[in-house]
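Read in order, the letters of the sequence shown are residues 21 to 332 in this note's numbering.
The beta-carbon is built from N, C-alpha and C at its ideal position, and this holds for glycine as well.
Working notes, structure below.
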Amino acid sequence: IPSETFLDVSLGMSGDTLTTFQNGLTYFGSDLDSFGFDNGNRDVPSNLVAFLDSGKRISDLTVAEQEGIAGQLMPINLVTLQRVPNQRANLSGSLTAGTAIDIGSDATLGLIATASIKNRLRNRTVKSQVASADFGEIFENSSTFITDENMLFNALIGVGLDIGEHTIRWTNLYIRDALKTARLETANNTLLGATGFDFLNQQTAWFERQLVDTQIVTELRFDPVKIDLRGGYARTDREAPFNTNVSYTRTNAPGSPYGNEFVAYLSQVSDAGITNVAFDDLKEELWYGGIDLTYEVTPSLNGTIGYAYTDN
């Protein structure tokens, strides 16, 4: 319970020489991406949901049904890489407020709330090489340019009530952490084909984690008896929808009409790259509670019994 009413507001800006005002990568996603939320664009496609619910194998579907599923797996706004010139700085802001209200002669109600949001950009380049078993020859080189946009939002609301010797506390916490990543890899493998294959691989991904937690704690004093009650609920969600890898291969084959072009060979032997779309979803829930009963036998001796419950 705050001793007095207050309001705090803060804004922040930061950057680094490798990211701020430099070129970066992104993809559109949805209108709410910068806040760490999705507006439904990344929901599992309807045709795929219907197929999974049917219990059929993919081979049981007609060609039209298979094409209907495939046609929804790579929406343009989720798989099209875009170059961003002169990227903005990192931004953050927070708001905290609290107050206390007297109720009657022996009761006080306290309220406190805080919320903050951060949006951070980060560029990095990852280089890798693959060598022969005796390390005598390097036959594969790759370089991956990555731009990560990390969004963190959290909020807390607390309510407290003091009534004489009794106290009630209710705390609610919400945390959401989202990562939007765009990657572009260039690679070469000299062992493939007659003169080696060149690869251009792109990845667009979205990872979100969310925590909701609410708990109530009550302390009751009836001398010489003290009763402590507690209960709460927590839920975590982890989702990674529409994580897409698209591989383009240039075979450099002299006799091929596309030997000098980067082509996505989605189901051909000549494609050494991997093109896929993945969906991940995990949810966990927890209910918990407990009670402690304390009896003051003497000023220096207490007896306590308790019970705790957990279900997840």
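Subject >> Candidates Gly35, Lys76 and Ala84: closest to Leu111 by CA position >> reply: Position 91 of the sequence shown, counting from 1, holds the residue named residue 111. Distance check between Leu111 and each of Gly35, Lys76 and Ala84 places Gly35 closest, using alpha-carbon atoms only.
**OP:** Quick one: give me the first and last residue of the alpha helix (DSSP H) that Ala84 is part of.
**Re:** On the sequence shown, residue 84 is found 64 positions in, with the first residue counted as 1. Val83 to Ala90 is the span of the alpha helix (DSSP H), which, as asked, contains Ala84.
Original post:
Quick one: complete alpha helix (DSSP H) runs, 4+ long, within the segment 238 to 277?
Top reply: none
Subject >> Coil, strand or helix - Ile96 by DSSP >> reply: Counting from 1 along the sequence shown, the entry for residue 96 is found at position 76. In the structure shown, Ile96 sits in a helix (DSSP, three-state: H, G or I).
**OP:** Give the range of the beta strand (DSSP E) segment to which Ser163 is assigned.
**Re:** What you label residue 163 is simply residue 143 of the sequence shown in a count that begins at 1. Here the beta strand (DSSP E) through Ser163 covers Ile158 to Ile183.
Subject >> Rounded Cβ spacing between Asn120 and Thr128 (contact assumed at less than 8 Å) >> reply: The sequence position of residue 120 within the sequence shown is 100, counting from 1. The sequence position of residue 128 within the sequence shown is 108, counting from 1. Per the sequence presented here, residue 120 reads as Ala, with Asn not at that position. 6 Å between Cβ atoms; contact.
Original post:
What's the gap between the Cα of Val245 and the Cα of Ser23?
Top reply: Against the sequence shown, residue 245 aligns to sequence position 225. Against the sequence shown, residue 23 aligns to sequence position 3. Looking at the two C-alpha atoms, the distance is approximately 28 Å.
Subject >> Integer-rounded CB distance, given that Asn67 should sit under 8 Å from Ile89 >> reply: Stepping through the sequence shown from its first residue, residue 89 is reached at position 69. Stepping through the sequence shown from its first residue, residue 67 is reached at position 47. About 5 Å separates the two Cβ atoms, so the contact holds.
**OP:** For Asn139, count neighbouring C-beta atoms within 10 Å of its own C-beta (all shown protein chains included) and say buried if the count is 16 or more, exposed if not.
**Re:** Mapped onto the sequence shown, residue 139 falls at position 119. Buried, because 16 or more other Cβ atoms sit within 10 Å of the Cβ of Asn139.
**OP:** For Thr295, collect the residues of the same chain with a Cβ closer than 8 Å to its Cβ; drop the 5 residues on either side in sequence, then sort them by chain order.
**Re:** By one-based count along the sequence shown, residue 295 stands at place 275. The residues are Asn265, Val266, Ser267, Ala284 and Leu286.
Original post:
Which same chain residues, not among the five before or five after Ser148, have their C-beta less than 6 Å away from its C-beta?
Top reply: For this step, residue 148 is matched to residue 128 along the sequence shown. Contacts found: Ser162.
Original post:
Is it right to say Tyr278 is buried, meaning 16 or more other beta carbons lie within 10 angstroms of its own, or is it exposed?
Top reply: One-based indexing of the sequence shown puts residue 278 at position 258. Burial call: exposed.
Original post:
Within this structure, are the beta carbons of Asp126 and Ile21 separated by less than 8 Å?
Top reply: Position 106 of the sequence shown, counting from 1, holds the residue named residue 126. Position 1 of the sequence shown, counting from 1, holds the residue named residue 21. Contact: no.
**OP:** Tell me Gln102's beta-bridge partners as DSSP assigns them.
**Re:** On the sequence shown, position 82 is the one that residue 102 refers to. Answer is Thr46.
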